[in-house]
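Down below is the structure, laid out as structure tokens.
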Amino acid sequence: MAYYAIKGGEEAIKNSSSFYGEITSDALKIDDNVLIEGLTFSIDKVMSEGSLYSKKLAAIAIKRSAGDMLNASFFLRAHRSSCQRIGISKTIDVNNMRLSRRISSAFKDIEGGQLLGPSNDYEIKLLLDLKKEDVNIEKYSSSDNVIKSALTPLRDDNLIKTLKKEESPWDITRNYPSAPYPRSAVLQVMSRGEAGSLLTVGYTTMRGYGDVHPTIGDLRIGELDINFTHPFTKNDVKIGTIEATAVESVGTFNQDSEGDTKLTTGFGFCFGKNETKAISMSIIDLTLYNNTYSVGGDHIIAADFEMIMHHLDGIESFGMTNHFKLPHYVTFQTDYQIFKCAQKYSENQKEQEGAK
């Protein structure tokens, strides 16, 4: 029996694309604002992994993919690659965030108090309509709710280990670095990485491939202003606002570059409301830059820079995995011929041994 490559198929491909459009057509009828307001966490996930802050475009990508979130992120990342870049915005400071949610599991009493904000962390996860009790929701204005990190007092007392600051941040979208990787590049890869991949790698550090048991020093969600230098007036102007999540996790103590013992921290930051992703990112950051987290063997997944830099991007993983659906006739024919030759060689060897 022989296998042969099949040529043609252009008409079949057109029909397949048309069929896909037909079965996803109802999704395109959904109003963008319904998705943005109703499926806000899905919008934020796609924006973060697509590496483009636009709730409107994220909604369109979700509809185009009929709710396949990884595919939606692919759509958004592809669109991003076609956008013109006009400049670089000013550095933002998460301490200037206008908070809608801010908690700390390291300290009970913190400046501004524990601001729970909108969260279902504290309810039973059942698909039932549980009885709702009457509650008094405290009214506040996020514009006045700017509070520094809960770890600021420890930082002011020089109790937290700091890493060497880079002269300028790396831009992985322009030039992907070779090892050793700058921390800014590592953080960028994780910030737009696939949430499930980050969670998996971060979780390994607690399951035996590391000895990290972090505490959330400061978790915050809120709005940040984006400022830009006007190309004509050269004045700093506000060009927009983004919603983001930032997390500082605290590990055990370690020595800094000068030999002083300090508390270790990890940092996570991503677009939108993405708490689990930001926490996972902070745990991996904590593991990468503190070599005491080594319980579980010589190879710690979350402390392997090559693993982090080349395996967490959902778009790259998605593209590589799904490209195997495309024709590989020549590749298979080559493998098949090698297999037949090896099989024949093995049979000849057995016959010769039997003849002896």
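In our numbering, the protein residues as written are 4 to 359. Cβ coordinates follow ideal geometry from the N, Cα and C atoms, glycine included.
Per-residue DSSP class, three states only, for Glu356
Walking along the sequence shown from the start, residue 356 turns up at place 353. Helix.
Should Pro217 be labelled buried (16 or more other beta-carbon atoms within 10 Å of its own) or exposed?
Sequence index remark: in the sequence shown, residue 217 carries index 214 (1-based). Classification of Pro217: buried, given that the 10 Å Cβ count is 16 or more.
How long is the line joining the alpha carbons of Asn123 and Leu202, rounded to whole angstroms?
Taking the sequence shown and counting its residues from 1, one reaches residue 123 at position 120. Taking the sequence shown and counting its residues from 1, one reaches residue 202 at position 199. Going by the C-alpha atoms only, they are around 19 Å apart.
Do the region 213-230 and the region 239-252 touch if we need at least three Cβ pairs shorter than 8 Å?
yes
I'd like to check one pair, Lys241 with Asp228: are the Cβ atoms closer than 8 Å?
In the sequence shown, residue 228 corresponds to position 225, counting from 1. In the sequence shown, residue 241 corresponds to position 238, counting from 1. Their beta carbons are under 8 Å apart, which means Asp228 touches Lys241 by this criterion.
Taking Leu73 as the reference, which of Ser320, Lys347, His82 has the closest Cα?
By one-based count along the sequence shown, residue 73 stands at place 70. Answer by Cα proximity: Ser320.
Is it buried or exposed, Thr165, if we count other Cβ atoms within 10 angstroms and call 16 or more buried?
As a position in the sequence shown, residue 165 is number 162, starting the count at 1. So Thr165 counts as exposed.
Report the residue from Ile150, Val215, Gly243, Lys276 whose alpha carbon sits nearest the alpha carbon of Asn257.
Translated into positions along the sequence shown, residue 257 becomes position 254. It is Val215 whose Cα lies nearest to the Cα of Asn257.
How many angstroms separate the CA atom of Thr43 from the CA atom of Asn178?
Translated into the one-based positions of the sequence shown, residue 43 becomes position 40. Translated into the one-based positions of the sequence shown, residue 178 becomes position 175. Thr43 and Asn178: Cα-Cα distance of roughly 32 Å.
Check the DSSP bridge columns for Leu102 and list the partner residues they point to.
Residue mapping note: residue 102 aligns to position 99 of the sequence shown, counting from 1. Gly225, per the DSSP bridge assignment.
Return the CA-CA distance between Thr94 and Ala153, expressed in angstroms with no decimal places.
Residue 94 sits at position 91 when you count from the first residue of the sequence shown. Residue 153 sits at position 150 when you count from the first residue of the sequence shown. Approximately 21 Å, taken between the alpha carbons.
Go through its chain and collect everything with a Cβ distance to Phe274's Cβ below 7 Å, but skip five positions before and after it.
Here residue 274 corresponds to residue number 271 of the sequence shown, with the count starting at 1. So the list reads Asp47, Met50, Ser51, Tyr56, Ile245, Ala247, once near-sequence residues are dropped.
Within this structure, are the beta carbons of Thr290 and Ala306 separated by less than 8 Å?
As a first step, residue 290 must be located in the sequence shown, where it is residue number 287. As a first step, residue 306 must be located in the sequence shown, where it is residue number 303. Yes, Cβ-Cβ distance for Thr290 and Ala306 is below 8 Å.
Within 8 Å, do at least three Cβ pairs link the region 57-67 to the region 30-38?
yes
Counting only the same chain and skipping the five closest in sequence on each side, list residues whose C-beta sits under 6 Å from that of Gly243.
Within the sequence shown, residue 243 is the residue found at index 240, counting from 1. Once the five neighbours on either side are set aside, the close Cβ partners of Gly243 are Ile229.
Would you mind working out which of Ile311, Arg101, Gly213, Asn293 sits nearest Lys151, comparing C-alpha positions?
Counting from one through the sequence shown, the residue named residue 151 turns up at place 148. Selected option, being the one with the closest Cα: Arg101.
Residue of Met284, Asp316, Leu131 minimising C-alpha distance to Tyr206:
As a position in the sequence shown, residue 206 is number 203, starting the count at 1. For Tyr206, the nearest C-alpha among the options comes from Met284.
Is Gly213 near Ile303, with beta carbons less than 8 Å apart?
Position 210 of the sequence shown, counted from the start, is the residue given in the question as residue 213. Position 300 of the sequence shown, counted from the start, is the residue given in the question as residue 303. In this structure, Ile303 lies closer than 8 Å to Gly213 by Cβ.
Assign Asp288 to one of two classes, buried (16 or more other C-beta atoms within 10 Å of its C-beta) or exposed (fewer than that).
The residue you call residue 288 lines up with position 285 of the sequence shown. Answer is buried; the Cβ neighbour count reaches 16.
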